[in-house]
Every structure is written in C-alpha cells, then in structure tokens.
Amino acid sequence: MKLRYAWRARTDIEGLHEYIAQQDKRAASVVVRRIRSVSQLLARHPGLGRATDIAGVRMFPIVPFPY
Numbered sequence: 004m005k006l007r008y009a010w011r012a013r014t015d016i017e018g019l020h021e022y023i024a025q026q027d028k029r030a031a032s033v034v035v036r037r038i039r040s041v042s043q044l045l046a047r048h049p050g051l052g053r054a055t056d057i058a059g060v061r062m063f064p065i066v067p068f069p070y
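Structural data, given as structure tokens:
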C-alpha cells in the first residue's frame, strides 16, 4: 500500500514539530521520525493497531510519546 499524508496530517505533523522544537529541537525531530516510521509500518501492514468506531480507521499509539 502506498502511503500518502493528507494535507491536514502534514500540517499537524509540522505543527507538532514546531511546538516541541520550542523546547527541544532534537526531541522534535525524533518524534517526527517516529511518526513517519510507524506510518510506513502501517502502510505495509494495514491490519495493525486497534479498530476505532470510524470505519476504515485504526489506532496505533506511538510509544513512548503522549502526543
């Protein structure tokens, strides 16, 4: 499955990076890399994670980050 980020997802990730970078630029980069890594994993294995109440949407926490 090919991974494509929706416009809103891209802006959310950019905003998260900017927010975290205010305190720690390295941590901001680590979080964004982890989001992208897990996104690639889910693209390869779309059945991973927990089903949600929204059809076709699954949840996969990115540990250890609470964002």
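Residues 4 to 70 in this note's numbering are what the sequence shown spells out, letter by letter. Every residue, glycine too, gets a C-beta built ideally from N, C-alpha and C.
Where Arg47 falls: helix, strand or coil (DSSP): Within the sequence shown, residue 47 is the residue found at index 44, counting from 1. Residue state, collapsed to three classes: helix.
Check whether Arg53 and Arg61 have beta carbons under 8 Å apart: As a working mapping, residue 53 is identified with position 50 in the sequence shown. As a working mapping, residue 61 is identified with position 58 in the sequence shown. Their beta carbons are under 8 Å apart, which means Arg53 touches Arg61 by this criterion.
Own chain residues within Cβ distance below 8 Å of Leu51, not counting five before or after: In the sequence shown, the residue the question calls residue 51 occupies position 48. Once the five neighbours on either side are set aside, the close Cβ partners of Leu51 are Leu44, Leu45, Arg61, Phe63.
Nearest-angstrom Cα separation, counted from Ile65 out to Asp56: Start at 1 with the first residue of the sequence shown, and residue 56 comes out as number 53. Start at 1 with the first residue of the sequence shown, and residue 65 comes out as number 62. Their Cα atoms are separated by approximately 19 Å.
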